[in-house]
Amino acid sequence: MTRMTVTSIDQAGVAARGSGPRRRVCAAFAAAALATMITAGCAGTPERAAPVTRSATAVAGAATPVAGAATASCAPARPAPSAAGTQAFRYGGGDRSYLLALPDGYRGTTASPLVFDFHGFGGSVRDQEASTLLAATGTARGYIVVTPAALGDPTKWNILGTDGAADDYGFAHALLTDLTSRLCVDPDRIYAAGHSNGGAFAGLLACRPPFPFAAVALVSGTPPSTCPAAAVAAGSGPSVLAINGTADTTAPYADNVNRLDTFVQSYGCRPASGPTTLMVGVSQRRDLGCAGAGAAGRDIEVDLVTVDGGTHVWPGGPAASSDRPSAVGNSAAGRTFPATQAVLDFFDHHRR
30 MTRMTVTSID QAGVAARGSG PRRRVCAAFA AAALATMITA GCAGTPERAA
80 PVTRSATAVA GAATPVAGAA TASCAPARPA PSAAGTQAFR YGGGDRSYLL
130 ALPDGYRGTT ASPLVFDFHG FGGSVRDQEA STLLAATGTA RGYIVVTPAA
180 LGDPTKWNIL GTDGAADDYG FAHALLTDLT SRLCVDPDRI YAAGHSNGGA
230 FAGLLACRPP FPFAAVALVS GTPPSTCPAA AVAAGSGPSV LAINGTADTT
280 APYADNVNRL DTFVQSYGCR PASGPTTLMV GVSQRRDLGC AGAGAAGRDI
330 EVDLVTVDGG THVWPGGPAA SSDRPSAVGN SAAGRTFPAT QAVLDFFDHH
380 RR
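Structure below.
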């Protein structure tokens with residue numbers, strides 16, 4: 030029988046763990062847990078994680094290291110969890126599940142960047158990875174990749190904070206607290222990405238305290254209307270990358286651009302000089318020098334990648350060339366632009 034690693038957490042975000050046979054990539058699918066709504070946290074015993082220290086070497090896993098960056102390290106080491114088959118996280122009296130993928134050669138001594146990858150409405154962690162290959166690609170570049178599962182039928186992230194629905198915001202931050210206490214994570218290189226409803230949820234995480242994210246990437250997702258006022262007020266705004274197709278009828282291109290312009294204005298970015306062509310049918314607008322979004326010394330920007338004729342699928346992923354309804358009519362640019370690489374490249378250049 031496959032054993033399951035279960036992590037429980039109290040209201041302060043403190044973890045207690047069980048273990049099973051080791052496996053580097055842990056796919057978590059606890060079917061009964063997916064029907065459980067979130068309530069108040071359960072009691073636990075506080076643990077203190079060892080501090081993360083820094084040495085003056087390049088950031089692990091960055092294709093193009095951040096200028097002046099230092100690699101964080103952990104002592105004592107925070108080894109890979111022992112797990113088999115499924116990874117479950119107990120929050121608010123119920124089990125939540127997620128896919129955990131660790132970078133090649135992870136030893137728990139050199140800190141790794143971490144990225145959350147949120148699936149879309151009606152999706153699953155399996156579907157998200159099959160569509161994006163973010164876990165496979167990210168771990169090869171040194172990232173810890175965490176793909177959580179939403180609740181509901183159909184599944185969806187509770188962006189509006191609807192009473193009686195899942196406390197997804199609390200779950201995500203509690204899970205992050207747990208992971209950073211058990212794994213060697215660079216606290217200055219924590220990111221969130223997502224598609225559609227998951228992209229909007231990634232935007233929400235970046236716009237409400239405690240603001241741990243250095244950058245977020247929204248693919249075919251519309252940032253919440255409440256963003257980014259609180260992040261700007263706290264001086265903790267993340268860099269933002271939005272990738273949108275002009276033929277997306279689910280998350281209309283014009284709506285996404287208007288919402289992204291709110292970030293540009295609130296962040297006090299310098300006006301973009303004009304779009305740059307990345308490939309045929311794909312252009313990028315970069316609004317740089319966003320001094321109103323964060324502390325001095327942080328290179329914050331807001332980028333918009335426009336995919337001409339792109340539909341409501343993750344560009345360049347396997348689903349972009351499939352026969353699923355959201356890919357019908359997708360353009361050549363939408364089928365071939367490597368969105369996953371673009372997201373990771375963007376993250377490589379930003380830290381807190």
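Each residue of the sequence shown is one higher than the one before, starting from 30 at the first, in this note's numbering.
Glycine is no exception: its CB is placed at the ideal position from the N, C-alpha and C atoms.
The structure presented is a predicted model; accordingly, all values stated were derived computationally and were not measured.
**Message:** Determine whether the beta carbon atoms of Val372 and Ala322 lie at a separation below 9 Å.
**Reply:** Taking the first residue of the sequence shown as 1, we reach residue 372 at position 343. Taking the first residue of the sequence shown as 1, we reach residue 322 at position 293. Going by C-beta atoms, Val372 is not nearer than 9 Å to Ala322.
**Prompt:** If you draw a straight line from the alpha carbon of Cys213 to that of Ala361, how long is it in whole angstroms?
**Reply:** Counting from 1 along the sequence shown, the entry for residue 213 is found at position 184. Counting from 1 along the sequence shown, the entry for residue 361 is found at position 332. Distance between the alpha carbons of Cys213 and Ala361 is about 40 Å.
**Asked** Using DSSP with H/G/I as helix, E/B as strand and the rest coil, what is Ala262?
**Response** Taking the sequence shown and counting its residues from 1, the one referred to as residue 262 is at position 233. Helix at Ala262.
**CB contact flag (Pro257, Thr291, <9 Å)** = Here residue 257 is taken as the residue at index 228 of the sequence shown, counted from 1. Here residue 291 is taken as the residue at index 262 of the sequence shown, counted from 1. In this structure, Thr291 lies closer than 9 Å to Pro257 by Cβ.
**Sub-9 Å separation of Trp343 and Val248 beta-carbons** = Numbered from 1 along the sequence shown, position 314 holds the residue referred to as residue 343. Numbered from 1 along the sequence shown, position 219 holds the residue referred to as residue 248. Yes, Cβ-Cβ distance for Trp343 and Val248 is below 9 Å.
**Request:** State buried or exposed for Asp197, treating a residue as buried only when at least 16 other CB atoms are found within 10 Å of its CB.
**Result:** Counting from 1 along the sequence shown, the entry for residue 197 is found at position 168. With 16 or more Cβ atoms within 10 Å of its Cβ, Asp197 is classed as buried.
**Message:** Let me make sure I understand the geometry here. Which of Arg299, Val269, Gly199 and Phe366 has the alpha-carbon closest to that of Asn285?
**Reply:** In the sequence shown, counting from the first residue as 1, residue 285 sits at position 256. With distances taken between Cα atoms, Asn285 lies closest to Val269.
**Message:** Looking at the secondary structure, which residues open and close the beta strand (DSSP E) in which Thr176 lies?
**Reply:** Within the sequence shown, residue 176 is the residue found at index 147, counting from 1. Here the beta strand (DSSP E) through Thr176 covers Ile173 to Pro177.
**Prompt:** By Cβ distance below 8 Å, which residues in the same chain neighbour Gly151 in space, the five residues on each side in sequence not counted?
**Reply:** On the sequence shown, position 122 is the one that residue 151 refers to. Excluding residues within five positions, the ones whose Cβ falls inside 8 Å are Pro183, Thr184 and Lys185.
**Request:** Flag this pair as touching only if the segment 203-218 and the segment 153-168 have three or more C-beta atom pairs under 8 Å; answer yes or no.
**Result:** No: fewer than three Cβ pairs fall under 8 Å.
**Request:** Could you tell me the distance, in whole angstroms, from the CA atom of Phe240 to the CA atom of Arg381?
**Result:** Sequence index remark: in the sequence shown, residue 240 carries index 211 (1-based). Sequence index remark: in the sequence shown, residue 381 carries index 352 (1-based). Using only the alpha carbons, I get a separation of about 10 Å.
**Request:** Measuring alpha carbon to alpha carbon, tell me which of Gly363, Pro252 and Leu289 ends up nearest Val309.
**Result:** Numbered from 1 along the sequence shown, position 280 holds the residue referred to as residue 309. Considering only alpha carbons, the answer is Gly363.
**Asked** In chain order, what residues of the same chain lie with their CB nearer than 8 Å to the CB of Ala263, ignoring the 5 residues before and after it?
**Response** Here residue 263 refers to the residue found at position 234 when the sequence shown is read from its first residue. Answer for Ala263: Pro238 and Phe240, listed in chain order.
**Prompt:** Quick one: is Ala244 buried, meaning 16 or more other Cβ sit within 10 Å of its Cβ, or exposed?
**Reply:** Within the sequence shown, the letter at position 215 stands for residue 244. By the 10 Å Cβ count, Ala244 comes out buried.
**Message:** I need the DSSP call for Arg218, collapsed to helix, strand or coil.
**Reply:** Counted from its first residue, the sequence shown places residue 218 at position 189. Three-state DSSP puts Arg218 in a strand.
**Prompt:** From Val336 to Arg314, what does the alpha carbon distance come to, in whole angstroms?
**Reply:** The sequence position of residue 336 within the sequence shown is 307, counting from 1. The sequence position of residue 314 within the sequence shown is 285, counting from 1. So the two alpha carbons sit approximately 12 Å from each other.
**Asked** Residue ranges of each alpha helix (DSSP H) run of no fewer than 4 residues wholly in the segment 91-165, ordered along the chain?
**Response** 154-161
**Prompt:** Should Gly345 and Ala276 be called a contact, given that it needs their Cβ atoms to be closer than 9 Å?
**Reply:** Reading the sequence shown from its first residue, position 316 is the one you call residue 345. Reading the sequence shown from its first residue, position 247 is the one you call residue 276. It is not a contact, given that the beta carbons lie outside the stated cut-off.
**Request:** Mark Asp24 as exposed unless 16 or more other C-beta atoms lie within 10 angstroms of its C-beta, in which case mark it buried.
**Result:** In the structure as shown, the chain starts at 30 and stops at 381, and residue 24 therefore has no counterpart that could be examined.
**Message:** Using the Cβ count rule (16 or more neighbours within 10 Å means buried), how would you classify Ala89?
**Reply:** Reading the sequence shown from its first residue, position 60 is the one you call residue 89. Residue confidence for Ala89 is low, a pLDDT of 28 falling below 50, so the modelled location carries little weight and cannot support an answer.
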